[in-house]
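According to my numbering, the sequence shown holds residues 17 to 233 in order.
Built from N, CA and C at the ideal position, the CB exists for glycine as well.
Worksheet: the structure to be examined is printed underneath.
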Amino acid sequence: MNLSRVFFLAFILLVSCGGGSGPEKEPVKSTGPTENESNIIKEGSYSFDSSKTKIIWNGFKTTDKIKVTGQFEKFVSSREKLNYNSLEELVNGLDFSISTSSSVSGDAVRDMNLKDYFFKLLTDKFTLSGTLGLPKEGLIPVTFNTLLGSKTVDLNFSFEKNIVEIRGVIDIGLDLGGILAYDSIHEKCEQLHTGGDGVSKTWSEVEVLVKVPIIRN
Numbered sequence: 017m018n019l020s021r022v023f024f025l026a027f028i029l030l031v032s033c034g035g036g037s038g039p040e041k042e043p044v045k046s047t048g049p050t051e052n053e054s055n056i057i058k059e060g061s062y063s064f065d066s067s068k069t070k071i072i073w074n075g076f077k078t079t080d081k082i083k084v085t086g087q088f089e090k091f092v093s094s095r096e097k098l099n100y101n102s103l104e105e106l107v108n109g110l111d112f113s114i115s116t117s118s119s120v121s122g123d124a125v126r127d128m129n130l131k132d133y134f135f136k137l138l139t140d141k142f143t144l145s146g147t148l149g150l151p152k153e154g155l156i157p158v159t160f161n162t163l164l165g166s167k168t169v170d171l172n173f174s175f176e177k178n179i180v181e182i183r184g185v186i187d188i189g190l191d192l193g194g195i196l197a198y199d200s201i202h203e204k205c206e207q208l209h210t211g212g213d214g215v216s217k218t219w220s221e222v223e224v225l226v227k228v229p230i231i232r233n
């Protein structure tokens, strides 16, 4: 598996079709800043391995807001396994590229619908790229590059016990400009997203969580 208002993107980032709610992953909570940057300025050797990184998304369907969970399994960065003198130096300007076709939710039909009716309209050749900015006061600016252009979203940032966490809520339409992709997946999944009240609802908000173990030498 490869390296959150995920990230997750892609960030990701997202409600999808299918029968069940997908595999149980670590819960995403939309909380405020949990850590200041005092740890960032400590000197030393900082690096990360994308194979240890988790990029998780939670989408929601029906008026009862039933959660659907998935994650991206393929992620690359030019800074992977390179050593930096501080966490700040490692994170600021870090580029990422997420394969949106690697999204898995435990439901093959849902995953295919996401690929064909959402990511195909949102990302170029199923790639969600972007960069991280400078963490400050518990927030980090994350720039996402989609077919609609580049959008920057502030997400929560923390660093504790050598784990970087980036988390937050991304609105597909407002934050990513992905209204066409949102309309597409909602139309495709209209029946599947209909609750007991007879109303079909696909939530545009997506919770994202990125967990990156930092290697200290």
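For residue i, which of the options has the nearest alpha-carbon?
i      : options                           : result
Val5   : Lys177, Ile182 and Lys141         : It is not possible to answer for residue 5, since the shown part of the chain is limited to 17 through 233.
Thr162 : Thr147, Leu155, Ser102 and Gly154 : Thr147
Arg149 : Lys81, Glu104 and Val185          : Checking the displayed sequence, the identity of residue 149 turns out to be Gly instead of Arg. Per the Cα distances, Glu104.
Glu206 : Ser200, Ser216 and Gly212         : Ser216
Ser121 : Lys204, Ser113 and Lys131         : Lys131
Lys68  : Lys227, Asn233 and Gly212         : Lys227
Asn101 : Ser200, Ser61 and Lys152          : Ser61
Ile231 : Ile82, Ile71 and Arg95            : Arg95
Per DSSP, what kind of secondary structure is residue i in: helix, strand or coil?
i      : result
Glu96  : coil
Asp199 : helix
Ser102 : coil
Asn74  : strand
Phe142 : coil
Thr116 : helix
Val222 : strand
Lys152 : strand
Ser61  : coil
On the DSSP bridge assignment, give the partners of residue i in chain order.
i      : result
Glu181 : Ser174 and Lys227
Pro241 : There is simply no residue 241 to check, as the chain begins at 17 and stops at 233 in what is shown.
Thr85  : Asn74
For the putative contact between residue i and residue j, defined by C-beta atoms under 8 Å, what is the C-beta separation to the nearest angstrom?
i      : j      : result
Phe160 : Leu144 : 6 Å
Thr139 : Thr116 : 5 Å
Ser220 : Asp170 : With a Cβ gap of about 18 Å, Ser220 and Asp170 do not count as contacting.
Asp65  : Lys97  : 6 Å
Asp2   : Ser93  : In the structure displayed, the chain extends from 17 to 233; residue 2 sits before or after that span and is not available.
Ser63  : Asn108 : So it is not a contact: roughly 15 Å between Cβ atoms.
Asn172 : Leu155 : 6 Å
**Asked** So does the stretch 64–75 actually touch the stretch 85–98, counting three or more Cβ pairs closer than 8 Å?
**Response** Touching, yes.
**Asked** Contact between the stretch 195–215 and the stretch 165–180: three or more CB pairs below 8 Å?
**Response** Segments in contact, no.
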